[in-house]
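2 protein chains.
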Amino acid sequence: MPTALQDMLGLELPIIQAPMAGAQGSALAIAVCRAGALGSLPCAMLGLDAIRQELKAIQAATDRPYNVNFFCHTQPPPCDDAQALWRQALAPYHAELGIDPPNPGAGPSRKPFDAEAASALEAFKPPVVSFHFGLPAPELLERVRRWGARVLSSATTVEEAQWLQERGVDAIIAQGLEAGGHRGMFLTDNLHSQMGTFALLPQIVKAVKVPVIAAGGIADAQTVAAALSLGAAAVQIGTTYLLCPEAGTSAVHRQALQSPAARLSALTNVYSGRPARGIVNRPMRELGPMSPLAPPFPLATAALSALRSKAESQGSGDFSPLWAGQNVSGCREISATLLTRQLAANCT
Amino acid sequence: MPTALQDMLGLELPIIQAPMAGAQGSALAIAVCRAGALGSLPCAMLGLDAIRQELKAIQAATDRPYNVNFFCHTQPPPCDDAQALWRQALAPYHAELGIDPPNPGAGPSRKPFDAEAASALEAFKPPVVSFHFGLPAPELLERVRRWGARVLSSATTVEEAQWLQERGVDAIIAQGLEAGGHRGMFLTDNLHSQMGTFALLPQIVKAVKVPVIAAGGIADAQTVAAALSLGAAAVQIGTTYLLCPEAGTSAVHRQALQSPAARLSALTNVYSGRPARGIVNRPMRELGPMSPLAPPFPLATAALSALRSKAESQGSGDFSPLWAGQNVSGCREISATLLTRQLAANCT
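Residue numbers (my numbering), protein chains in the order written: chain A, -17 to 330; chain B, -17 to 330.
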């Protein structure tokens, strides 16, 4: 029986493919839409032209509903001192890899949702828009609503869920601590407030009236069904899609996901400045995983980019963010359409 | 339909009351046994005479199976320097509360399972013995098995579950990160290895052949059912019993559990030297929650005991370990027998 959320979003299956900026584009979203679930296009690391191209690709490939995802952090002011300290912390790596330290002027790699992005979207009217790190300013949110989009956002605590409900979101993604990638936390920066899915999900379900989408640790048909039994109206799944051929997951990332290293992930701020869960690798081990030296999000990224490129060109993921959740056991090198249907096997 | 584990342990319900040293004794165990679940007596903080008295009380009150629980850490050598540093870190608190700093000779408050404890148990032949922090030495474990006891122990990683299975435990408690009290971790001290129940439970179920008991975040009939649907043969529930009249939970602990403060817990080593989840309070906030100054388990406890007593005598839980999991929403001031039946409402 479809949930009210499925009806609202027009979904055959109660499954949302989690937007994974940097690891996928329209191809994965399309493959998931074709299975009857909600494919997502992560826009946080895309320029406006790239967003338009990707949306054209999705609309050309499918008539089904899809989701576009944006970050909505506040862009920090330039902080040259913090950046200089960060480059200094990374200097031994630059020396080791024999590359020049990065240009201090290198810009951030992630822009928050803004008026330009809203204008770009208006031409496409994506049926679902999801946000991470809270919500954009009211006037921006109003523009999104004007074309009829349903709005989702992530909560990592009961307080965040209540905050989102008060601002009228259509559904709330309860992001358990198991989830890979960036924590959506926005009312607190206290990592101790972050709860496992098993504790977070039912508490958010009790606290709000809007539908709740479970995220974190969902990796197969059994965990999908368990999340629904805990009151979720749908699930959002990321990590499990990372080995699909339609994902843009890098070679070193794919390798790490299939290695024993994938058993140990941690929340780290070294790759962006905000806590995100990834497989533990060198800078996480040696500088963090949470480093007081990392400049504010998203300014930590630029200084690592040359290290990442050089290492990846040598087949090493030592300096790449290897985002992953705490359960990689569901990753399969099969089409995302088929994987989605397998994940939905217990949804009837 | 009873699970194989219920048959093995002789349980009507697939529920184990988690042993909570310092917060309960035979009264809670008896009340839970009377509901058809497995009541547990935590022995880690009891002397031999107290253990005997409690076992007499249980055997006089019920014919049902019950569990006795022991820690099996390695007792650290005396470490006067570390203790002195720790007392120094606590000195401002002693000054503030106007009490003498503790006697350096004050002993640890928790003994590992040993030959004397095994001898005390032999007279009672408890049907189930569970361990925390791994397993005791093979000859001690052999003594336990000799009277026919079933042996359980906690795993916080897949590796720990496999280690326990190799050593022949009858069932494994998968302790998710949401759980209150001491982490059972024993093959690693890396907190990043600790997973939420939603990720840990299905991965342990896949990795071992013995029955798996789910712990962490289980607070009502719905979460019990979800844990069973994830492959658990039973659940172990602690926090949810802490407000029952049969529990020995202190007044300040009961108060904290019913306050908004209970929404924020953390893993801390300040109360014992090993990471344990409790509601965040002063020494956790001001010295930790994980402090490099805390001496090895269980030596951190003694130096805080005078602070705790003085504060509690003034109605304050500022210096008390307020053990709790990440979901206190199921706590009820009702009899543990009734609470157990409510928790089992969806088990048929």
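Virtual Cβ for every residue (Gly too), placed ideally from N, Cα, C.
Nearest neighbour of A:P227 by Cα position, chosen from A:A243, A:C313 and A:A306, turns out to be A:C313. Three or more Cβ pairs drawn from the region 185 to 195 of chain B and the region 150 to 170 of chain B lie within less than 8 Å of each other, which places the two stretches in contact. Contact between B:A306 and B:A244 holds: their C-beta atoms lie close to 6 Å from each other, under 8 Å. Under a criterion of Cβ atoms nearer than 8 Å, the residues of chain B adjacent to A:A207 are, in order, S211.
For B:P24, the pairing in a beta bridge is given by DSSP as B:N51. Secondary structure of B:A181 (DSSP, three-state): helix. Taking a C-beta distance under 8 Å as the contact criterion, B:L281 and B:F301 do not qualify as a contact pair.
Between the alpha carbons of B:L10 and B:G178 lies a gap of roughly 27 Å. Below 8 Å, enough C-beta pairs join the region 56 to 73 of chain A and the region 256 to 275 of chain A to call them touching: three or more. In the DSSP assignment, A:L72 falls within the unbroken alpha helix (DSSP H) covering D62 to L79. Under DSSP, A:I40 shares a beta bridge with no residue. Going by DSSP, A:L134 is part of the beta strand (DSSP E) stretching over R132 to A137. Per DSSP, the beta-bridge partners of A:L249 are A:R259. Rounded to whole angstroms, the separation of the alpha carbons of B:A207 and B:V310 is 18 Å. Contact annotation: in the region 159 to 170 of chain B, residues whose CB is within less than 7 Å of a CB in chain A are L159 and E160. For A:H114, no alpha helix (DSSP H) run applies; the uninterrupted beta strand (DSSP E) run containing it begins and ends at V110 to H114, by DSSP. Within its own chain, the residues whose Cβ lies closer than 7 Å to the Cβ of B:A0, once the five positions on either side in sequence are excluded, are S22, A197, Q218, I219 and G220, listed in chain order. Scanning its chain for C-beta atoms nearer than 8 Å, with the 5 sequence neighbours on each side dropped, one finds around A:E315 the residues L225, C226 and P227, in chain order. Going by beta carbons, B:P118 and B:P47 fall outside the 8 Å limit.
Out of A:D202, A:G199, A:A26 and A:A326, the CA that lies nearest to the CA of A:P94 is found in A:A26.
Assigned with DSSP and collapsed to three states, B:Q240 falls in coil, not helix or strand.
Excluding the 5 residues flanking it on each side, A:R125 has same chain C-beta neighbours closer than 6 Å at A100, in chain order. In the same chain as A:Y253, and ignoring 5 residues on each side of it, the C-beta atoms closer than 6 Å to its own belong to P303, in chain order. Nearest neighbour of A:I40 by Cα position, chosen from A:A131, A:S8 and A:S232, turns out to be A:S8. An exposed status is given to A:D82, since fewer than 16 other beta-carbon atoms sit within 10 Å of its beta-carbon. Residue contact with chain A for B:L246: present (Cβ-Cβ distance below 8 Å to some residue of chain A).
A:A(-14) and B:A5 have their C-alpha atoms some 43 Å from each other.
Here B:L67 has L275 as same chain residues with Cβ atoms under 6 Å from its own Cβ, once five neighbours each way along the sequence are excluded. Your pair B:L249 and B:P257 checks out as a contact, with CB atoms roughly 4 Å apart and the cut at 8 Å. Nearest C-alpha to B:C54 among B:N172, B:W145, B:R34 and B:L123: B:L123.
Excluding its 5 nearest sequence neighbours in each direction, B:I186 has C-beta neighbours in its own chain below 8 Å: A137, V140, A143, I154, A156 and V194, listed in chain order. Proximity of chain B to A:N251 at the Cβ level (cut-off 9 Å) is not reached, the minimal Cβ distance being about 14 Å. Per the coordinates, the alpha-carbon of B:A233 lies some 57 Å from the alpha-carbon of A:A293. Between B:Q324 and B:Q204, the alpha-carbon positions lie close to 10 Å from each other. Taking each of B:L210, B:M2, B:G255 and B:D202 in turn and checking the Cα distance to A:P184, the smallest one comes out for B:D202. For A:V190, the secondary structure class from DSSP, reduced to helix, strand or coil, is coil.
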